[in-house]
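Asker: To start, I am sharing the structure in question, which I have written as structure tokens.
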Amino acid sequence: MAFVTCSLGLLPSRFSVARGGWETAGAKLRVVERRGQGRALVRRTPRSAAESETTSSDTIQEPLPDVPFEIRGFSLGNVAGILGGALTVYSFYTYFSSSGTASATSLGFVYGVPILLIGFALKYAELKPVPVESQGLSRQLREVKATDTQKKIIRDVTRHRYGDEAHLDTSLKALGLIPRGASCPVLLKLVESVRDGQKYALSMEFFSKETPYSLWEEKLSKFDRFFGPDVTCSIAKIDEEKRLVQLTIVSTR
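In our numbering, the protein residues as written are 1229 to 1481.
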């Protein structure tokens, strides 16, 4: 008769026939039989470095893909405001026309006023979509030559957004283009164009009220790596008095 002994701290998580024993997250438990004693002992054997690296690499989580669902073409603030306003007006009308006896009046006030307030809050925090100006065959070239980053920029700024300070504010902050205590540059429009006959270019025009042009020039070396790969970036001062700056990303595909 054979007995198996092991400490509680080394309880096996699974049994492997191929490896000849139990395995835990950090060690291998091997069954060893002692001759003449009719007893089997469970010994803890450290894993090799190669096994440890394989286990560690297998536990690394891949980045989550972008969520494909997007709300486009209308403003949530407008929808909530119209719906809440309609319910509130209907409740007032029903209340006065029935001398306060209609049962639907209270329900209208309970739902209508909160929805109306939500609509006002959404409108206050709303960023409107940025217009896109396409020159020549740039729109057709976008599908073939544009990088994933260029396409993502267009998707992000051409829909209503809520709760952000400005379009691309996170990217501008990461690039160091927002001085301490200053407001974020405001994206005014996108311009698609064709460069050198076959290269797709995406230009972003900013109203840079509190970010000096010298700071844009200073951070230019970071743009290729940040918006890359397969791009070259440049900046241009459009109007010094109006403080307009243009950042252009050209695909090298």
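We put the CB at the ideal spot given by N, CA and C, even for glycine.
(1) Does the Cβ-Cβ distance between residue 1312 and residue 1347 come in under 8 Å?
(2) Considering only residues of the same chain and omitting the five flanking positions on each side of residue 1340, which have a CB-CB separation below 6 Å?
(3) If we call anything under 8 Å between Cβ atoms a contact, is residue 1378 one with residue 1442?
(4) How about residue 1446: is its C-beta nearer than 8 Å to some C-beta of chain B?
(5) Are the region 1416 to 1425 and the region 1452 to 1470 touching, with three or more C-beta to C-beta distances below 8 Å?
(6) Three-state secondary structure (DSSP) at residue 1378?
(7) Check each candidate in 1345, 1376, 1429 and name the one with the smallest Cα separation from residue 1367.
(8) Counting C-beta neighbours from all protein chains within 10 Å, is the total for residue 1402 16 or more, i.e. buried, or is it exposed?
(9) Whose C-beta lies closer than 7 Å to the C-beta of residue 1369 among residues of the same chain, with five residues either side of it excluded?
(10) How would you call residue 1433, buried or exposed, if buried means at least 16 neighbouring beta carbons within 10 angstroms?
(11) Name the residue from 1460, 1305, 1355, 1475 whose alpha carbon lies nearest to the alpha carbon of residue 1342.
(12) First and last residue of the alpha helix (DSSP H) that includes residue 1397?
(13) Which same chain residues end up closer than 6 Å to residue 1344 when comparing Cβ atoms and leaving out the 5 residues on each side of it in sequence?
(14) Here's the rule I'm using: 16 or more other beta-carbon atoms within 10 Å means buried, otherwise exposed. How should residue 1476 be labelled?
(15) Opposite residue 1429 in the DSSP bridges: which residues?
(16) At the level of alpha carbons, what is the spacing between residue 1382 and residue 1338?
(17) Report the rounded CA-to-CA distance for residue 1439 versus residue 1410, giving the unit in angstroms.
Answerer: According to the structure data:
(1) yes
(2) 1312, 1315, 1316, 1319
(3) no
(4) Considering every chain present, this structure includes no chain B. It has just one protein chain.
(5) no
(6) helix
(7) 1429
(8) exposed
(9) 1422, 1428
(10) buried
(11) 1305
(12) 1397 to 1402
(13) 1312, 1313, 1316
(14) buried
(15) 1421, 1478
(16) 40 Å
(17) 7 Å
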